[in-house]
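1 is the number of the first residue of the sequence shown in the numbering used here; add one for each residue after it. All residues carry an ideal CB built from backbone N, CA and C; glycine is no exception. The structure appears right after this line, and notes come after that.
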Amino acid sequence: PEIFPGVIYRVKEPKAVILLFSSGRIVCSGAKSEHSAWEAVKELLHELEKYELIGE
Numbered sequence: 001p002e003i004f005p006g007v008i009y010r011v012k013e014p015k016a017v018i019l020l021f022s023s024g025r026i027v028c029s030g031a032k033s034e035h036s037a038w039e040a041v042k043e044l045l046h047e048l049e050k051y052e053l054i055g056e
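Right, dumping it as structure tokens:
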């Protein structure tokens with residue numbers, strides 16, 4: 001099996017999938033609208049801050 005160079009983060013609400021790479025780039029897919037995509041990204045940022053993986 002091949003190794004994927006990023007983290008796959010699945011957001012339940014709004015339903016979306018975010019790919020997070022070590023370069024800091026993210027790709028959000030599966031969201032129904034741009035607004036939903038931003039909400040999913042905010043959810044990811046909240047989780048990263050919660051576990052002190054990024055600063056506020």
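| Check | Outcome |
| --- | --- |
| Could you name the residues of the same chain whose beta carbon sits closer than 6 Å to that of Ser22, not counting the 5 residues immediately before and after it, in chain order? | none |
| Could you pull the DSSP bridge partners for Val11 from this structure? | Ala16 |
| In terms of DSSP beta bridges, what is Ile6 paired with? | The question names Ile, yet the displayed sequence has Gly at residue 6. DSSP lists Phe21 as partners of Gly6. |
| Measuring CA to CA, which of Leu53, Gly6, Ile3 and Ala31 is closest to Lys12? | Ala31 |
| Beta-carbon separation of Ile18 and Leu44 under 8 Å? | yes |
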